[in-house]
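Novice: Take 397 as the starting number for the sequence shown in this note's numbering and just add one per residue. All residues carry an ideal CB built from backbone N, CA and C; glycine is no exception. Sharing a structure with you now.
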Amino acid sequence: TLERLQREWERSLMVGAMCHSLAQQVPGLDPERARLAGLMHRIGALAILQQLDRADSLTSLEVSDHAVETLQALVGVLVVTGLDMEGTCSSIIEQSREWLRDREEDDPDYIDLLLVAQLLYDMEERLPPGLPPIDELPAYRRLDPGAHSENLRPLLMLDAEEDIHRFRALLKGENPDAEAPALSAEIEREPPPRKRPKSRPTVLVSELLKPKKKKPSQPVEDRSTKEINEAAYRERLAELGLSDDGSSD
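Okay, structure coming up:
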């Protein structure tokens with residue numbers, strides 16, 4: 397039951413996103429209200445499956461599916477009424493499976509969007525038996541998307557997946573546009589490669605441990621004061637032209 401509940405929720409997310417994308421092409425329709433229609437149209441099925449899961453029911457899958465499809469619209473109306481959201485929401489839930497719904501107005505409404513989005517989502521798996529081709533249905537003709545349903549579906553699914561990514565990011569309080577540009581921003585901010593330092597000569601540890609040789613010091617003359625005085629005396633005598641014995645040269 398929990399798996400079926402998850403599938404129903406994922407389907408509602410996709411249908412809501414597809415309604416949002418379709419509404420952007422229709423003047424006068426609000427894309428966010430269209431998304432709400434897609435999210436709410438199976439709220440009764442979600443409520444039933446949640447109760448079955450809580451009750452840990454032994455009901456077979458066939459009985460569960462029959463109960464969901466039979467009661468989901470009625471339960472959905474009760475849910476939105478309890479939430480004080482009756483009116484448009486109730487009409488959308490009640491008519492969400494009226495595939496041949498027709499009316500005098502030519503302009504599409506939210507129910508038309510919902511019908512087309514559901515059929516495009518389900519067209520490869522479980523279209524209702526005996527249903528005419530999607531392109532011939534009144535809702536599709538009023539919507540007039542300008543493309544055949546088989547060509548429209550992949551484009552709409554791609555837009556829906558991107559929209560769901562943004563929607564989930566907003567619910568988490570994240571910036572929906574931050575993830576994609578982040579990588580390019582990181583590339584732009586990548587610092588330039590560092591220059592390799594010049595190679596240094598290899599020095600062995602044993603060389604570092606060797607004691608350094610001391611440079612030989614210059615010999616210092618150990619001259620006494622007497623010798624210095626005698627040398628100065630002789631230089632003075634020489635300047636006067638006398639010798640040590642007092643005679644002149």
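1. Inspect the CB distances between the segment 488-497 and the segment 405-424 and report whether three or more fall short of 8 Å.
2. Would you say the segment 524-542 touches the segment 554-569, given that touching needs at least three Cβ pairs under 8 Å?
3. Mapping the DSSP letters down to three states, classify Pro550 as helix, strand or coil.
4. Met436 lies in the alpha helix (DSSP H); which residues open and close that run?
5. Residues in the same chain with beta-carbon distance under 8 Å from Leu551, minus the five sequence neighbours each way, listed in chain order, please.
6. Apart from the five residues on each side of it in sequence, which residues of its chain come closer than 8 Å, Cβ to Cβ, to Gly424?
7. So, are the CB atoms of Leu509 and Leu548 less than 8 Å apart?
8. Can you tell me whether DSSP reads Arg537 as helix, strand or coil?
9. With distances taken Cα to Cα, identify the nearest neighbour of Arg403 among Glu428, Ile439 and Arg431.
10. Can you have a look at Gly434 and say buried or exposed, based on whether 16 or more other CB atoms are within 10 angstroms of its CB?
11. Secondary structure at Trp405, three-state DSSP: helix, strand or coil?
12. Indicate whether Leu418 and Ala513 have their beta-carbon atoms separated by less than 8 Å.
13. Measure from the alpha carbon of Arg537 to the alpha carbon of each residue in Arg407, Leu398 and Val422, then state which is nearest.
14. Once DSSP output is grouped into helix, strand and coil, what is the label at Arg590?
15. Residues in the same chain with beta-carbon distance under 6 Å from Pro400, minus the five sequence neighbours each way, listed in chain order, please.
16. Below 8 Å on the Cβ atoms is my contact criterion, and I expect Arg429 with Tyr506 to pass it. Report the Cβ-Cβ distance as a whole number of Å.
17. What are the start and end residues of the alpha helix (DSSP H) that includes Val512?
18. Any idea if Leu442 is buried or exposed, counting beta-carbon neighbours within 10 angstroms, 16 or more meaning buried?
19. Measuring alpha carbon to alpha carbon, tell me which of His561, Gln420 and Ala535 ends up nearest Arg499.
20. Reducing DSSP to helix, strand and coil, say where Ala581 ends up.
Specialist: Quick look at the numbers:
1. The segment 405-424 and the segment 488-497 do not touch, with fewer than three beta-carbon pairs separated by less than 8 Å.
2. No, the segment 524-542 is not in contact with the segment 554-569.
3. Here residue 550 is taken as the residue at index 154 of the sequence shown, counted from 1. Helix, per DSSP.
4. For the purposes of this step, residue 436 is identified with residue 40 of the sequence shown, where counting begins at 1. First-last of the alpha helix (DSSP H) with Met436: Pro427 to Met436.
5. Sequence index remark: in the sequence shown, residue 551 carries index 155 (1-based). Same-chain partners within the cutoff: Ala543.
6. Mapped onto the sequence shown, residue 424 falls at position 28. Counting only Cβ-Cβ distances below 8 Å, and skipping sequence neighbours, we find Asp503.
7. Position 113 of the sequence shown holds residue 509. Position 152 of the sequence shown holds residue 548. Contact flag unset, no.
8. As a first step, residue 537 must be located in the sequence shown, where it is residue number 141. Helix at Arg537.
9. As a first step, residue 403 is located in the sequence shown; it is residue number 7 there, counting from the start. Per the Cα distances, Ile439.
10. For the purposes of this step, residue 434 is identified with residue 38 of the sequence shown, where counting begins at 1. By the 10 Å Cβ count, Gly434 comes out buried.
11. Residue mapping note: residue 405 aligns to position 9 of the sequence shown, counting from 1. Note: Trp405 maps to helix in three-state DSSP.
12. One-based indexing of the sequence shown puts residue 418 at position 22. One-based indexing of the sequence shown puts residue 513 at position 117. When the beta-carbon positions are compared, Leu418 and Ala513 come within less than 8 Å of each other.
13. If you number the sequence shown from 1, residue 537 lands on position 141. Nearest of Arg407, Leu398 and Val422 to Arg537, Cα basis: Val422.
14. Taking the sequence shown and counting its residues from 1, one reaches residue 590 at position 194. Legend: pLDDT at Arg590 = 47, less than 50; position of this residue unreliable, no value from coordinates given.
15. Residue 400 sits at position 4 when you count from the first residue of the sequence shown. Sequence check: residue 400 is Arg here, not Pro. Excluding sequence neighbours, Arg400 sits near Leu445.
16. Translated into positions along the sequence shown, residue 429 becomes position 33. Translated into positions along the sequence shown, residue 506 becomes position 110. Between Arg429 and Tyr506, the beta carbon gap of about 6 Å places them in contact (Cβ cut-off 8 Å).
17. The residue you call residue 512 lines up with position 116 of the sequence shown. Bounds of the alpha helix (DSSP H) holding Val512 are Tyr506 to Asp518.
18. Residue 442 sits at position 46 when you count from the first residue of the sequence shown. With a threshold of 16 other beta carbon atoms within 10 Å, Leu442 meets it and is buried.
19. For the purposes of this step, residue 499 is taken as residue 103 along the sequence shown, with counting starting at 1. The option with the nearest alpha carbon to Arg499 is Ala535.
20. As a position in the sequence shown, residue 581 is number 185, starting the count at 1. Low confidence applies to Ala581: its pLDDT is 37, below 50, so where it sits in the model is not reliable, and the reading given next is rough at best. It is helical.
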